[in-house]
Amino acid sequence: MTVKQCCGLLHPWDARHIENKWVPENLRVYIIGENPGDANSAYFYDPPPGSSDPIWVRRNLLSGLYKVGLIQEPTLTAFFDAGFLFDHAIRCPLPADEIKAERRRANTYSSPRAEVSEHIREWASHTSVVWAMGQIARNSVTLLFESIPRDCRKISEGPYEFAISDGPTVFVSQYLTHMSVNAAKKICESLSGLLQRLGK
Numbered sequence: 158m159t160v161k162q163c164c165g166l167l168h169p170w171d172a173r174h175i176e177n178k179w180v181p182e183n184l185r186v187y188i189i190g191e192n193p194g195d196a197n198s199a200y201f202y203d204p205p206p207g208s209s210d211p212i213w214v215r216r217n218l219l220s221g222l223y224k225v226g227l228i229q230e231p232t233l234t235a236f237f238d239a240g241f242l243f244d245h246a247i248r249c250p251l252p253a254d255e256i257k258a259e260r261r262r263a264n265t266y267s268s269p270r271a272e273v274s275e276h277i278r279e280w281a282s283h284t285s286v287v288w289a290m291g292q293i294a295r296n297s298v299t300l301l302f303e304s305i306p307r308d309c310r311k312i313s314e315g316p317y318e319f320a321i322s323d324g325p326t327v328f329v330s331q332y333l334t335h336m337s338v339n340a341a342k343k344i345c346e347s348l349s350g351l352l353q354r355l356g357k
């Protein structure tokens, strides 16, 4: 394992060997979040500790996908089996204040860290649907595919999508934290509708 020079810390993606353990053979949807939290945060692919999942985005995502029938049960195994992969636009563990600053910059497509997220290109090129979850992820994906317009609408107004000729369909939504399970379910319903229209 190598230490990434961008932050001087081993990224959770590498420390947990995600590429070897959790990348589906048939990648259906590549989900890009913002970042994995700080150096002490639990990671998306860590085993949930019990019935009360401390990782808000994982709890809302697995519950929402399950409730709309996209995964068989609200577990990481079912998530993997259904062809989903979760990653971060910024893989570095960073303090909350730094991520808030990057999020503000990403609203105008000027996040320096989002601009160097080349690692997402590999998996984005292996799927037909990329879910950019949050402003930072939207900023990163837009830099990968020049035909995606730099849409500055408020993500909080609801999910939307871009069908582009030189890459996957991009589904853009809020980050599934700080919202109710029902609000997360509605976003997952929109994703389900997109997948049905695409025959995926």
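Residues 158 to 357 in this note's numbering are what the sequence shown lists, from first letter to last. Cβ coordinates follow ideal geometry from the N, Cα and C atoms, glycine included.
Burial state of residue i, where buried means 16 or more other Cβ atoms lie within 10 Å
| i | result |
| --- | --- |
| Thr326 | buried |
| Tyr317 | exposed |
| Met158 | Note that Met158 has pLDDT 39, beneath the 50 cutoff, so the model's placement of it is unreliable and the number below is only indicative. Met158 should be labelled exposed. |
| Ala196 | exposed |
| Thr284 | buried |
| Arg310 | exposed |
| Asn339 | exposed |
| Thr265 | exposed |
| Gly315 | exposed |
| Ala172 | exposed |
| Thr234 | exposed |
| Val329 | buried |
| Asn183 | exposed |
| Val160 | Because the pLDDT of Val160 is 40, which lies under 50, any placement of that residue in the model is unreliable, and the number read from its coordinates should be weighed accordingly. Counting Cβ neighbours within 10 Å, Val160 comes out exposed, since fewer than 16 surround it. |
| Val194 | Looking at the sequence provided, one finds Gly at residue 194 rather than Val. Under this definition Gly194 is a buried residue. |
| Gly165 | exposed |
| Val298 | buried |
| His174 | exposed |
| Gly291 | buried |
| Arg274 | Inspection of the sequence shows that residue 274 is occupied by Ser rather than by Arg. Buried: at least 16 other Cβ atoms inside 10 Å. |
| Leu355 | exposed |
| Ser268 | buried |
Residues that residue i bridges to, as DSSP identifies them
| i | result |
| --- | --- |
| Val329 | Ala289 and Tyr317 |
| Tyr202 | According to DSSP, Tyr202 bridges with nothing at all. |
| Tyr187 | Leu242 and Val287 |
Beta-carbon spacing of residue i, residue j below 7 Å
| i | j | result |
| --- | --- | --- |
| Ala263 | Ile293 | yes |
| Pro386 | Phe237 | Residue 386 cannot be examined here, being either before or after the span of the chain that is shown, 158 to 357. |
| Ile256 | Asn192 | yes |
| Ile188 | Ala199 | no |
| Asn296 | Ala258 | no |
| Cys345 | Cys249 | no |
Cβ-Cβ separation, residue j to residue i (assumed contact under 8 Å), whole Å
| i | j | result |
| --- | --- | --- |
| Ala246 | Leu227 | About 22 Å; that fails the 8 Å criterion. |
| Glu225 | Thr334 | In the sequence under discussion, the amino acid at residue 225 is Val, which differs from the Glu named in the question. That belief does not hold up - the Cβ atoms of Val225 and Thr334 are roughly 19 Å apart, past 8 Å. |
| Gly190 | Phe243 | 7 Å |
| Arg185 | Lys342 | So it is not a contact: roughly 19 Å between Cβ atoms. |
| Ser304 | Ile277 | In fact, because the Cβ distance is near 16 Å, the residues do not count as touching under 8 Å. |
| Gln331 | Ser313 | 6 Å |
| Val286 | Leu222 | With 8 Å as the limit, Val286 and Leu222 do not qualify as a contact, their Cβ atoms being about 13 Å apart. |
| Pro231 | Ser220 | 5 Å |
| Ala281 | Gly324 | 7 Å |
(message) Quick check for students: name the residue ranges of the alpha helix (DSSP H) that lie wholly in the stretch 255-313, counting only runs of 4 or more.
(response) 277-281 and 292-301
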